[in-house]
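In what follows, a single structure is set out as structure tokens and then discussed.
Numbering (the numbering used here), first residue to last: 454 to 541.
Here it is as structure tokens:
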């Protein structure tokens with residue numbers, strides 16, 4: 454299993470954002486939600502994605518296996534995840 458690094462970054466008082474450091478070309482949306490700690494299980498990640506509760510770059514995404522690459526932003530509830538390349 455690939456290792457991922459995530460760290461929190463406070464953007465404002467109301468919105469808390471997170472930068473997610475990607476090791477590799479992409480991470481699947483469901484795996485990102487789990488790795489970032491926004492869902493507890495793969496089943497929960499699948500459900501919130503299928504229910505249309507997750508946005509990728511401002512658009513609703515209902516594909517749990519959607520490939521997320523560096524430069525993309527994922528929103529779920531009051532959290533925004535900015536995916537960045539792994540610092541070399």
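Don't be surprised by glycine CBs; every beta carbon is placed ideally from N, CA and C. Given the structure is predicted, the values throughout are model-derived calculations rather than measurements.
Per DSSP, what kind of secondary structure is residue 478 in: helix, strand or coil? coil
Please check the pair residue 521 and residue 482, which I expect to be a contact at CB under 8 Å, by giving their CB distance rounded to whole angstroms. 6 Å
Since residue 499 sits in a beta bridge, which residues does DSSP pair it with? In DSSP, residue 499 forms no bridge with anything.
Helix, strand or coil: which one does DSSP assign to residue 467? Any reading at residue 467 must be qualified, since the residue scores a pLDDT of 47, below 50, and its modelled position is unreliable; no value is offered.
Looking only at its own chain, which residues have a Cβ that is under 8 Å from the Cβ of residue 503, when we skip the five neighbours before and after it? 515 and 517
On a CA-only basis, which of 495, 505, 478 and 489 is nearest residue 533? Give me that one, please. 489
On the criterion of 16 or more Cβ atoms from any shown chain inside 10 Å, does residue 501 qualify as buried, or is it exposed? buried
Would you mind stating whether residue 486 and residue 529 have Cβ atoms separated by less than 8 Å? yes
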